[in-house]
Ligand code: ADP
Ligand code: LRH
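In full-length UniProt numbering, the protein residues as written are 2 to 498.
This is the structure:
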């Protein structure tokens, strides 16, 4: 066979997709064969992920592959959002339903960590930004609440690892996703037992670590038979979606670049050779997240398009057919710079009504009275504020590393939003590129292909990506207006209502 085919399952917080990568000579062709909604499930005041439902969807994706391409496949890999996990009991069975990182039980966990270990010490040991959603916070909440699952647990598997386990029966945690749990030491490249000990988290749950490109095992015989596949290896991508996406950034080695992976979250980062864990990184709360090919992704989370997803859910009640594209065009027609929000304000972590939360923020900071049903104005406020927050974060990444960024590469579903791309170029005052949209799935595929022996380096992979996908460019406009807006934005988010 000349063409090699790999199947990537990329699970996002809004949707999951099955994407086929067909590699022939120096080109990669991508076909999305299956997509399904994800999102959380609320039961009795807790928010969960329906992982068994997702598993059925993955099997449907495998069947769809067979119906379109036949029974031969070179590899399967699953990446997903980070921080969330399943626990296995001593028989290897999944305990309960994995919690969603937006579950309210994580509130109050920072104070516990600070008391038992010290927030600065946690940062020193892990190099990961302190966020209430982190794995360590979730486990601290389980310890505090005497959650009976924890004493029964023998293994922790992050969401992508869990599906690899369902597919193969092999328990393994891939290093990029372990790295952002805050249970992992990026310098020693191993689980950080001091964190477990200080916080009373049973360290027996640590699972064997593997690296992107490692073959985990063959797809179980009975599953292969059920879906109609011949023997196929399950190969680890970077299980942390952000780390898979970073592989597919169309960057040229020394151009001075940063990435923005834009989906439910907007992840802004630099690719470094080694971690930077010092006072400045701590003060700016920056993550040294593990990357494929032993890189460090020096990054920060911005709340991202989650806010628009939540607004859309509210607006869809009155306007069922309203799409993201329509929201963007209404924003385009709305008045500029009416008011700004800090997307990372806790008010936006899990709002009951995000449209009301945006309006309330504008009011409480004395900026403007805005109508929560005014789709154009609310969404323009969100898009402008996101673009300005990207600049705020990027300035901090540059300051902490002393680097100068000349181009920002935007990938992910959010790179479809041309208005937001334009705003981002103007807010940052630098060139911005958009695409590939499915960078995460592409990175997943290319890391599987690396494991299968096709590639050896990041520059080699990125050359193929630049060869295979159309990348759009945006240049800054209206520089003075955006400079003034940035000054106003910084004042508002630093003073806060
Ligand atoms: P995740 O992987 O977190 O599920 P995606 O990377 O798929 O998220 O990005 C989804 C987001 O991308 C949507 O919430 C939406 O804001 C944005 N998006 C996708 N398509 C478009 C489009 N055509 N126009 C504007 N925004 C879009
Ligand atoms: C982005 C992401 C991010 C994590 C968040 C929970 O999808 O993986 O890197 O912080 O989800």
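Note that CB positions come from ideal geometry on N, CA and C, so glycine has one too.
A quick note: this is a predicted structure, and the numbers were derived from the prediction, not measured.
I'd like to confirm something about residue i: is its beta-carbon nearer than 7 angstroms to some heavy atom of the ligand LRH, or not?
{"i": "residue 11", "result": "no"}
{"i": "residue 264", "result": "yes"}
{"i": "residue 1", "result": "Lying outside 2 to 498, the shown extent of the chain, residue 1 is not represented and no answer is given."}
{"i": "residue 242", "result": "yes"}
{"i": "residue 114", "result": "no"}
{"i": "residue 102", "result": "yes"}
{"i": "residue 302", "result": "yes"}
{"i": "residue 297", "result": "no"}
{"i": "residue 137", "result": "no"}
{"i": "residue 134", "result": "yes"}
{"i": "residue 174", "result": "no"}
{"i": "residue 339", "result": "no"}
{"i": "residue 52", "result": "no"}
{"i": "residue 84", "result": "yes"}
Please state if the CB of residue j and the CB of residue i are separated by a distance shorter than 8 angstroms.
{"i": "residue 499", "j": "residue 398", "result": "Residue coverage of the chain in this structure runs from 2 to 498, which leaves residue 499 outside it and unanswerable."}
{"i": "residue 411", "j": "residue 261", "result": "yes"}
{"i": "residue 128", "j": "residue 289", "result": "yes"}
{"i": "residue 35", "j": "residue 62", "result": "yes"}
{"i": "residue 96", "j": "residue 59", "result": "no"}
{"i": "residue 528", "j": "residue 217", "result": "Past the boundaries of the shown model lies residue 528; the chain is included only from 2 to 498, so the question cannot be answered."}
{"i": "residue 196", "j": "residue 300", "result": "no"}
{"i": "residue 247", "j": "residue 444", "result": "yes"}
{"i": "residue 323", "j": "residue 263", "result": "no"}
{"i": "residue 157", "j": "residue 189", "result": "no"}
{"i": "residue 312", "j": "residue 265", "result": "no"}
Secondary structure at residue i, three-state DSSP: helix, strand or coil?
{"i": "residue 82", "result": "coil"}
{"i": "residue 320", "result": "coil"}
{"i": "residue 440", "result": "helix"}
{"i": "residue 20", "result": "strand"}
{"i": "residue 164", "result": "helix"}
{"i": "residue 421", "result": "helix"}
{"i": "residue 138", "result": "helix"}
{"i": "residue 77", "result": "strand"}
{"i": "residue 102", "result": "coil"}
{"i": "residue 184", "result": "coil"}
{"i": "residue 498", "result": "In this prediction, residue 498 scores a pLDDT of 47, lower than 50, which makes its location untrustworthy; the coordinate-derived value is nonetheless stated afterwards. The answer is coil: DSSP assigns residue 498 none of H, G, I, E or B."}
{"i": "residue 475", "result": "strand"}
{"i": "residue 222", "result": "helix"}
{"i": "residue 468", "result": "helix"}
{"i": "residue 64", "result": "helix"}
{"i": "residue 452", "result": "helix"}
{"i": "residue 462", "result": "helix"}
How about residue i: is its Cβ closer than 7 angstroms to a heavy atom in the ligand ADP?
{"i": "residue 81", "result": "no"}
{"i": "residue 418", "result": "yes"}
{"i": "residue 306", "result": "yes"}
{"i": "residue 166", "result": "no"}
{"i": "residue 414", "result": "yes"}
{"i": "residue 14", "result": "yes"}
{"i": "residue 325", "result": "yes"}
{"i": "residue 329", "result": "yes"}
{"i": "residue 309", "result": "yes"}
Classify residue i as buried or exposed, calling it buried when 16 or more other Cβ atoms lie within 10 Å of its own Cβ.
{"i": "residue 476", "result": "exposed"}
{"i": "residue 478", "result": "exposed"}
{"i": "residue 451", "result": "buried"}
{"i": "residue 317", "result": "exposed"}
{"i": "residue 57", "result": "exposed"}
{"i": "residue 321", "result": "exposed"}
{"i": "residue 441", "result": "buried"}
{"i": "residue 428", "result": "buried"}
{"i": "residue 416", "result": "buried"}
Quiz item: Are the segment 332–347 and the segment 268–281 in contact at 8 angstroms, needing three or more beta carbon pairs?
Solution: No, the segment 332–347 does not touch the segment 268–281.
Practice problem: Decide if the segment 49–57 is in contact with the segment 139–159; the criterion is three or more beta carbon pairs, one per stretch, under 8 angstroms apart. | Solution: Under the 8 angstroms Cβ criterion, the segment 49–57 does not count as touching the segment 139–159, having fewer than three qualifying pairs.
Quiz item: Is the segment 231–242 touching the segment 166–180 in the sense that three or more CB pairs, one from each, lie closer than 8 angstroms?
Solution: The segment 166–180 vs the segment 231–242: in contact.
Quiz prompt | Three or more C-beta pairs below 8 angstroms linking the segment 460–475 and the segment 244–256 | solution = The segment 460–475 makes contact with the segment 244–256; the number of CB pairs closer than 8 angstroms reaches 3 or more.
Practice problem: Spell out a yes or no on whether the segment 75–82 and the segment 139–148 are touching, meaning 3 or more CB-CB pairs, one atom from each, closer than 8 angstroms. | Solution: In this structure the segment 75–82 does not touch the segment 139–148; the number of beta carbon pairs closer than 8 angstroms is below three.
Exercise. For the segment 486–496 and the segment 341–353, state whether three or more C-beta atom pairs, one from each stretch, are separated by less than 8 angstroms.
Key: Proximity of the segment 486–496 to the segment 341–353 meets the contact definition, three or more beta-carbon pairs being nearer than 8 angstroms.
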